[in-house]
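Okay, structure first, notes after.
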Amino acid sequence: MSEPAIIEFDHFTFQYYSQAEPTLHDINLKIYPGEKILIVGPSGSGKSTLGHCLNGLIPFAYRGEIQGSLKIQGLETRDLDIFKLSKVVGTVLQDSDGQFVGLTVGEDIAFALENDNVPTAQMRERVAKVAQMVDMDSLLSSSPFELSGGQKQRTSLAGVMIDDVDILLFDEPLANLDPATGKTAIEIIDDIHKRSHKTILIIEHRLEDVLHRGVDRVIVINDGHIIADLNAHELVSSAVLVDNGIREPLYVTALKYAGVKVTSEMKPGHITTLSTELSGHALQLWHEKVKTAAPENRNPSVLAMENVSFSYDGKRPVLQEINFDIREGEMVSVVGKNGAGKSTLSKLLCGFEKEDRGRILYRGEDIRDKSIKERAEIIGLVMQNPNQMISKPMIFDEVALGLRMRQVPEEQIAERVDKVLKVCGLAPFKSWPISALSYGQKKRVTIASILVLDPKILILDEPTAGQDFRHYTEIMEFLVEINRMGVTVILITHDMHLMLEYTPRAIVLAGGRKIADTAASVVLTDAEVIREANLKETSLFALAQLAGIPEGTRFVQGFIDYERGLKNR
Amino acid sequence: MNAKLKLFSYNMADTFIHRLSGVTKLVCFLLLTFAVMFSYDIRVILGMMVLSIILMRMAQIRFSQIRLMLVYVLIFLLTNAIISFFFSPEQGVKIYGTKHAFAEVWGISLTWEQVFYQVTKFFKYASVVPLGMIFLLTTNPSEFASSLNGVGVNYKAAYAVALTLRYFPDVQRDYHDIYLAQQARGLELSSKAKFFDRFKNSLLIVIPLIFSTLDRIEVISNAMDLRGFSKSKTRTWYTSRKLSRQDVLALVVSAVLLLFTVAVSVFINRSRFYNPFI
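The listed protein sequences derive, respectively, from chains A and B. Counted from 1, the first sequence has number 529 at position 529 by this note's numbering; the numbering is strictly sequential. Count along the second sequence starting at 1, add 1000, and that's the number in this note's numbering.
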């Protein structure tokens, strides 16, 4: 490329004033006009900080010390302000709901123009044009409450494209999206790239999902350093991902389990480019060898719904004729797109809402007359965002809260809290303030504060949202341990990896009805269910097809069992 | 929960009043309110009240939408009337210069002057309410912000109003979720608990609500900075509309009504009060 770089980091170091160590160390990186770059790294690696440096939030909103140079379009960024930078770099933030500033789609798209004092008539014209580019032109007067996650994201995208920026920066675009919407988001970004030839940077830790479409280069960041700068094929066939706590694509893991040495000649960057000429045979052999021996759970029923229907307003049904029976000690996921009725289901179970028809049974007994407080001693709910639950400054007090409100004697409280803290690996932090904990540890505190009431069933809403591979594994393995102690675990989730790897059984909701209730490997290979519930087919299934293995579902199940076997060893 | 939101919600319809721009409605509201506030002439005030009720009909505002508000206002006005009577029972006599007593309560003489004065005052406040309701219920919330800015309010302050409206339902939903989750942990907020305990317990909802709202604020303020909010001293509004002939008409009519009220006071009553006792 003879063109000059559009973004150029030169011995760039950044340290937040609030931190003792620099977050970015001696970064050297050139990005050329029209490139599409993926930046991956675990939480705390500095990848978001890098993004903030590009869009000007550093040093505008987050202060710190900058050394070295960062030039965008040949201009030193420290001489620009956030407003000038925003004309060059358009940023789509991860929380597509939180960044929706306007009261309607049209207003939100127009926001940047309003701030530029563009006359109203001209503004309307430009908004209409950009809205058309992202297929939102028929929804200009809709409010954010009427939109799906994908539509909100399209709106955010239009809102930054309206400035005709040269660089588009996506900060974790897949967070909070269901699998199918995430897939569409990657397709939209790719289409925009192909049509406009803008420079595109995607910051994400969900590598496989981004690699649904091509990228020019993948840059791996960890501990504030650039670890690798490779194309997708080279990266996936190297050891960089595993070494840096980034999840490699599932099909690559499967290849490795089958004893195949993954090389860049196989074009393993994307499942669509992967060649299985050399590996097909090994995969087939492995598939034959793997034993699928998940022991069936024959425990008595612990929680069941019988013909449960519910509606908030008496007109529009949110749940219709739901039936299921969960046995003691099971680990089940409840999946489905936003608005399918997942959270309503958990509200009914906790007694926050009362079913209109049907029965909810705990060990065969109807629990209709139990109050919220009484049900909490059977069924505990852990909310998605730990900040929504934490109300005490100290860890001990937070965990003890539920017991204190039940007038349990203080000596008993101390004993029970200690026990739970130990189980949750929080014992060393017993007398710490909660503010000193990391996100994952806070999550544990909220789980501990529910477990202390000794519930038989634990419901968790998106327990791993926004977590990188390491934290995800930590939280999930912790839940597996709790599950082994006899607590039945129900997970409400969008995360297909979670569902596949940790829950032998998945209940799928769509439009308020249960459309499937079977093994996760069956759900994620059933085209009809996948389409109806906004899920995405697992790449393992595609791999099985590529390798000429006809029983794709059994292949996926074999993979799960094999992996479980490795973890339990 | 939806019913609660309705209290603030804008009433989508296509009427003459809805079609007026937000600025027009705000200015008309201010002009007419000023007129009513200026005049103590019950004829003018009742005239204004009839007009605002007609306007409310035109805007297709149903009684059920304003019932709650109306109850609050009536309670306020009645309390106000009773208190002001006991504080200055001779106010009417002072104003109108005559004294026609017709009864006595606890040693305080009731005069026709006082009754007339308080009835006038009652209708004066009461007639502002329909005007305010019309403005609130027929102005799209985001137009509301742009109209505030249009009459000279700093745009950052005006936008704060719009943002409050935008995020109010989100925060309300958070509150509801937190409330339920804390209830599951054993929180008691019913009247069974003692007042001090209830206060202490409500902190268990408020603290998580503040922290999750702070998270939200960080995201919003970053999103706004990144799209150039507050970079210049002025801004334009997507929702602002050019003044149409109807807007001009409405403005002129309101201005004329204000002038008329002032004229009635200056030339006919020769005071802000209409005096039927002389």
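By construction, the Cβ of each residue, glycine as well, lies at the ideal position given by its N, Cα and C atoms.
CA-CA distance, residue 12 of chain A to residue 447 of chain A, rounds to 40 Å. Put simply, the backbone Cα of residue 306 of chain A is about 12 Å away from that of residue 319 of chain A.
Counting only the Cα atoms, residue 26 of chain A lies some 9 Å from residue 67 of chain A.
Here residue 1054 of chain B is actually not in contact with residue 1134 of chain B; their C-beta atoms are around 11 Å apart, not less than 8 Å. When DSSP states are grouped into helix, strand and coil, residue 1246 of chain B belongs to the helix group. The Cβ neighbour count for residue 469 of chain A, taken over all protein chains shown within 10 Å, is at least 16; the residue is labelled buried.
Exposure of residue 1101 of chain B is indicated by the presence of fewer than 16 other C-beta atoms within 10 angstroms of its C-beta. At a C-beta separation below 8 Å, residue 95 of chain A has these neighbours in chain B: 1219.
Under the 10 Å beta carbon count, residue 363 of chain A is surrounded by fewer than 16 other beta carbons and is classified as exposed. Ranking A/264, A/215, A/224, A/258 by CA distance to the CA of residue 239 of chain A puts A/264 first. Close CB contacts of residue 342 of chain A within its chain, under the 8 Å cut and outside five residues either way in sequence, are with 334, 335, 336, 492, 509 (chain order). Taking a cut-off of 8 Å on C-beta distances, the stretch 529-542 of chain A touches the stretch 169-179 of chain A, as three or more cross pairs fall below it.
Interface criterion met: the Cβ of residue 1181 of chain B is under 8 Å from a Cβ in chain A. For residue 512 of chain A, the nearest beta carbon of chain B is not closer than 8 Å to its own beta carbon. The continuous beta strand (DSSP E) containing residue 461 of chain A extends over residues 457-461.
In the DSSP assignment, residue 1037 of chain B falls within the unbroken alpha helix (DSSP H) covering 1022-1038.
Between the stretch 111-122 of chain A and the stretch 1227-1242 of chain B, the count of C-beta pairs closer than 8 Å reaches three or more; the two stretches touch. By the neighbour-count criterion, in which a residue is buried when 16 or more other Cβ atoms sit within 10 angstroms of its Cβ, residue 1185 of chain B is buried. Among the residues of chain A, those whose CB is under 7 Å from the CB of residue 1231 of chain B are 83, 115, following chain order.
For residue 1120 of chain B, the enclosing alpha helix (DSSP H) has its first and last residue at 1112-1138. For residue 4 of chain A, the secondary structure class from DSSP, reduced to helix, strand or coil, is coil. With fewer than 16 neighbouring CB atoms inside 10 Å of its own CB, residue 1267 of chain B falls in the exposed class. With respect to chain A, the C-beta atom of residue 1278 of chain B has no partner C-beta closer than 8 Å. Pairing residue 234 of chain A with residue 241 of chain A, the inter-Cα distance amounts to about 11 Å. The C-alpha of residue 148 of chain A lies about 13 Å from the C-alpha of residue 184 of chain A.
CA-to-CA, the gap between residue 262 of chain A and residue 479 of chain A works out to about 32 Å.
Taking the Cα of residue 1162 of chain B as reference, the smallest distance to any Cα among A/222, A/101, A/84, A/227 is reached at A/101. Put simply, of A/450, A/397, A/408, A/72 the residue whose alpha carbon is nearest the alpha carbon of residue 429 of chain A is A/397.
Contact fails between the stretch 358-377 of chain A and the stretch 1203-1211 of chain B, because fewer than three Cβ pairs, one in each stretch, are under 8 Å apart. The Cβ of residue 424 of chain A sits no closer than 8 Å to any Cβ of chain B. For residue 1234 of chain B, a Cβ of chain A is located within less than 8 Å of the residue's own Cβ. Scanning the stretch 283-355 of chain A for uninterrupted alpha helix (DSSP H) segments of 4 residues or longer gives 342-350, listed from N- to C-terminal end. Around the Cβ of residue 144 of chain A, a 10 Å sphere holds 16 or more other Cβ atoms; the residue is buried. Note on residue 122 of chain A: under 16 other CB atoms within 10 angstroms of its CB, so exposed under the neighbour-count rule. In the structure shown, the three-state DSSP call for residue 266 of chain A is helix. Counting along the chain, the unbroken alpha helix (DSSP H) around residue 114 of chain A starts and ends at 105-115.
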